[in-house]
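S.K.:
Number of protein chains: 2
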Amino acid sequence: MRIAIPLFDRFTALDAVGPYEVLKFLPDAEIVFVAEEPGPVRDVPKWLAISADAAFADVDFCDVLLVPGGPGSRSLLQDDKLLGWIRRMHQGSVWTTSVCTGSLLLAAAGLLNGLSATTHWGAIDVLESFGATYTPERVVFQGKIVTAAGVSSGIDMALALAAQIADRTTAEAIQLAIEYDPQPPFDAGSPAKAPQAAKDLLARGIR
Amino acid sequence: MRIAIPLFDRFTALDAVGPYEVLKFLPDAEIVFVAEEPGPVRDVPKWLAISADAAFADVDFCDVLLVPGGPGSRSLLQDDKLLGWIRRMHQGSVWTTSVCTGSLLLAAAGLLNGLSATTHWGAIDVLESFGATYTPERVVFQGKIVTAAGVSSGIDMALALAAQIADRTTAEAIQLAIEYDPQPPFDAGSPAKAPQAAKDLLARGIR
Numbered sequence: 001m002r003i004a005i006p007l008f009d010r011f012t013a014l015d016a017v018g019p020y021e022v023l024k025f026l027p028d029a030e031i032v033f034v035a036e037e038p039g040p041v042r043d044v045p046k047w048l049a050i051s052a053d054a055a056f057a058d059v060d061f062c063d064v065l066l067v068p069g070g071p072g073s074r075s076l077l078q079d080d081k082l083l084g085w086i087r088r089m090h091q092g093s094v095w096t097t098s099v100c101t102g103s104l105l106l107a108a109a110g111l112l113n114g115l116s117a118t119t120h121w122g123a124i125d126v127l128e129s130f131g132a133t134y135t136p137e138r139v140v141f142q143g144k145i146v147t148a149a150g151v152s153s154g155i156d157m158a159l160a161l162a163a164q165i166a167d168r169t170t171a172e173a174i175q176l177a178i179e180y181d182p183q184p185p186f187d188a189g190s191p192a193k194a195p196q197a198a199k200d201l202l203a204r205g206i207r
Numbered sequence: 001m002r003i004a005i006p007l008f009d010r011f012t013a014l015d016a017v018g019p020y021e022v023l024k025f026l027p028d029a030e031i032v033f034v035a036e037e038p039g040p041v042r043d044v045p046k047w048l049a050i051s052a053d054a055a056f057a058d059v060d061f062c063d064v065l066l067v068p069g070g071p072g073s074r075s076l077l078q079d080d081k082l083l084g085w086i087r088r089m090h091q092g093s094v095w096t097t098s099v100c101t102g103s104l105l106l107a108a109a110g111l112l113n114g115l116s117a118t119t120h121w122g123a124i125d126v127l128e129s130f131g132a133t134y135t136p137e138r139v140v141f142q143g144k145i146v147t148a149a150g151v152s153s154g155i156d157m158a159l160a161l162a163a164q165i166a167d168r169t170t171a172e173a174i175q176l177a178i179e180y181d182p183q184p185p186f187d188a189g190s191p192a193k194a195p196q197a198a199k200d201l202l203a204r205g206i207r
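Protein chains in written order, with full-length UniProt numbering: chain A, 1 to 207; chain B, 1 to 207.
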């Protein structure tokens, strides 16, 4: 079972690595990071690079497509190379998935037209501009397309997906393996829950 | 504020990338991935590589040391190069932290002797063999040393640390930025919670 994760300049690493750490446990899984050219691909502060081991041109099929998001996704909403590759992967995929603003790329590729989907809470308007209907859930299944909300939601999405691909016991065993028993010290992980002071600080820019 | 994250062959990527995505938002943070030699460092199925941008020999100080774990940590419990570097970083650090079996490396470096600490639930005996007292909590603060439990716990640890380094509102703003509102589809993230069938499957090997 080939799982392909595209990388692009200014992606968000946790969008990709969260689900990666879950899906890598699946029986028969093999995961490949793909980019326009093989080699290291940098995230947004440029402090982290993950190696792409294959070029888009070298990967013509996958069972599971997992598209991460990140600030760089906004620059790629008309990028024919990436969007064309996403469309080709989707044609043959069993599951087509995204995390965070990765759903903007699925939407820009025309895959979410008329469907319910989710994305990072800060990107709802862009998602809807491509004909998707934003749904304020953490993980949204629509046939073979699965979208997840912002950044950290990819872990929840991948566990739900693992149960579909394998079974619930397998997904639970993976959850135990990564000791995913989340205990956030605060309860500020969504706009509905975050204190106004945190929202204001984020709007101004933390750094 | 320099944050250094050492990488080694067969590390677990989420141990490093979870806290990275939190700490990168901190004002004045600069994060560097470090390894014995600069270049890509592979995780355990070898499908993922993160670039080390500096060698241990080039980094002689950091404010925050963040040691990830992974299967490869068990081969490094007598590795003078890595352990010596960890000891040198700890001498000057404001915070010395670990995720998962990264705490075995802190312990092997002699930093946890007589202290309470945590680790992945599967590594408790090794942790205690180095003189630490295992504490079944997700994040354990002991002075400037902070240890976190398995893999995904690094996100919780980093949010708690962000509140200490900056303040609670900053940590909450980061939590909102990464939409960390966890909703695991199952409740199997610790040995106390996982169904026996999942524990049995993991013990046999999922793959």
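Each residue gets a CB set at the ideal place from its N, CA and C atoms; glycine is no exception. These figures come from a predicted structure and were not determined experimentally.
Can you check DSSP and say which residues form a bridge with A145 (chain B)?
M.R.: One-based indexing of the second sequence puts residue 145 (chain B) at position 145. Position check: residue 145 (chain B) holds Ile in this sequence, whereas Ala was assumed. DSSP, once it has assigned bridges, lists B:T96, B:Q142 as partnering I145 (chain B).
S.K.: Specify, as a first and last residue, the run of the alpha helix (DSSP H) that S103 (chain A) falls within.
M.R.: Here residue 103 (chain A) is taken as the residue at index 103 of the first sequence, counted from 1. Segment 102 to 108, the alpha helix (DSSP H) holding S103 (chain A).
S.K.: Which residue marks the beginning of the alpha helix (DSSP H) containing A132 (chain B), and which one marks its end?
M.R.: Position 132 of the second sequence, counting from 1, holds the residue named residue 132 (chain B). That residue, A132 (chain B), is in no alpha helix (DSSP H); it is neither H nor E in DSSP.
S.K.: With DSSP as the reference, please indicate the residues paired to S51 (chain A) in a beta bridge.
M.R.: Taking the first residue of the first sequence as position 1, residue 51 (chain A) is located at position 51. For S51 (chain A), which the question treats as bridged, DSSP gives the partners A:P40.
S.K.: Excluding the 5 residues flanking I178 (chain B) on each side, which residues of the same chain have their C-beta closer than 6 Å to its C-beta?
M.R.: As a position in the second sequence, residue 178 (chain B) is number 178, starting the count at 1. Within its own chain, the residues whose Cβ lies closer than 6 Å to the Cβ of I178 (chain B), once the five positions on either side in sequence are excluded, are E21, listed in chain order.
S.K.: With a 10 Å radius around its C-beta and 16 neighbouring C-beta atoms as the bar for buried, classify S129 (chain B) as buried or exposed.
M.R.: Indexing the second sequence from 1 puts residue 129 (chain B) at position 129. Classification for S129 (chain B): exposed.
S.K.: Can you tell me which of the three DSSP states R10 (chain B) falls into?
M.R.: Looking up residue 10 (chain B) in the second sequence gives position 10. If DSSP states are grouped into helix, strand and coil, R10 (chain B) belongs with coil.
S.K.: Would a check of beta-carbon distances place W95 (chain B) closer than 8 Å to chain A?
M.R.: Indexing the second sequence from 1 puts residue 95 (chain B) at position 95. For W95 (chain B), not one C-beta of chain A is nearer than 8 Å to its own C-beta.
S.K.: Closest to G12 (chain B) by C-alpha separation, out of B:R74, B:N113, B:T133, B:S93, would be which residue?
M.R.: Locating residue 12 (chain B) in the second sequence gives position 12, counting from the first residue. Sequence check: residue 12 (chain B) is Thr here, not Gly. Comparing Cα positions, the closest option is B:R74.
S.K.: Give, in chain order, every residue of the stretch 47 to 70 of chain A whose Cβ lies closer than 9 Å to some Cβ of chain B.
M.R.: W47, L48, A49, I50, S51, D53
S.K.: Name the chain A residues whose beta carbon is nearer than 9 Å to that of D156 (chain B)?
M.R.: The sequence position of residue 156 (chain B) within the second sequence is 156, counting from 1. Within chain A, the residues near D156 (chain B) are P182, Q183, P184, P185.
S.K.: Report all residues from its chain with a CB closer than 6 Å to the CB of W95 (chain A); omit the five preceding and five following residues, and keep chain order.
M.R.: Here residue 95 (chain A) corresponds to residue number 95 of the first sequence, with the count starting at 1. Result list for W95 (chain A): V64, K144, in chain order.
S.K.: At what residues does the beta strand (DSSP E) containing I206 (chain B) begin and finish?
M.R.: Position 206 of the second sequence, counted from the start, is the residue given in the question as residue 206 (chain B). That residue, I206 (chain B), is in no beta strand (DSSP E); it is neither H nor E in DSSP.
S.K.: CB-CB under 8 Å to G131 (chain A), same chain, minus the five flanking residues each way: which ones, in chain order?
M.R.: Translated into positions along the first sequence, residue 131 (chain A) becomes position 131. Taken in chain order, the residues that qualify are A107, L112, N113, G114.
S.K.: Should T101 (chain B) be flagged as near chain A, meaning a C-beta pair shorter than 8 Å?
M.R.: As a first step, residue 101 (chain B) must be located in the second sequence, where it is residue number 101. So, not an interface residue.
S.K.: Spell out a yes or no on whether the stretch 141 to 157 of chain A and the stretch 84 to 93 of chain B are touching, meaning 3 or more CB-CB pairs, one atom from each, closer than 8 Å.
M.R.: no
S.K.: Can you pull the chain B residues whose beta carbon is under 8 Å from the beta carbon of A132 (chain A), in chain order?
M.R.: The residue given as residue 132 (chain A) occupies position 132 in the first sequence. In chain order: nothing, as chain B lies at least about 18 Å away.
S.K.: Buried or exposed: F61 (chain A), going by 16 or more other Cβ atoms within 10 Å of its Cβ?
M.R.: What you label residue 61 (chain A) is simply residue 61 of the first sequence in a count that begins at 1. Exposed, since its Cβ has fewer than 16 Cβ neighbours within 10 Å.
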